[in-house]
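Q: This is the structure I want to talk about, given as structure tokens.
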Amino acid sequence: MSSTIPVAPAVHEHEWGLRGVEFEDGASVRVFECTGCEQVWFR
Ligand SMILES: [Zn+2]
Numbered sequence: 000m001s002s003t004i005p006v007a008p009a010v011h012e013h014e015w016g017l018r019g020v021e022f023e024d025g026a027s028v029r030v031f032e033c034t035g036c037e038q039v040w041f042r
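Each residue of the sequence shown is one higher than the one before, counting from 0 in this note's numbering.
Structure representation (structure tokens):
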């Protein structure tokens, strides 16, 4: 992996969760992310 990937300030055990995000225009996406930080695994 590249070193340009931002690293979480505090190391913790990521709690990955699938969350649905809806936009005002009606579109919606599901993102797989950690609930403890803003690191998005899959969008
Ligand atoms: Zn995390």
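Backbone N, C-alpha and C define an ideal beta-carbon position, used for all residues, glycine too.
Start and end of the beta strand (DSSP E) containing G16?
A: W15 to E21
Q: Could you pull the DSSP bridge partners for C33 from this structure?
A: W15
Q: Could you give the distance in angstroms between the alpha-carbon of E39 and the alpha-carbon of R29?
A: It should be noted that the sequence gives Val, not Glu, for residue 39. One C-alpha to the other measures close to 11 Å.
Q: Under a criterion of Cβ closer than 5 Å to any non-hydrogen atom of ligand 1, which residues qualify, in chain order?
A: H13, C33, G35 and C36
Q: For V28, list the residues DSSP reports as bridge partners.
A: V20
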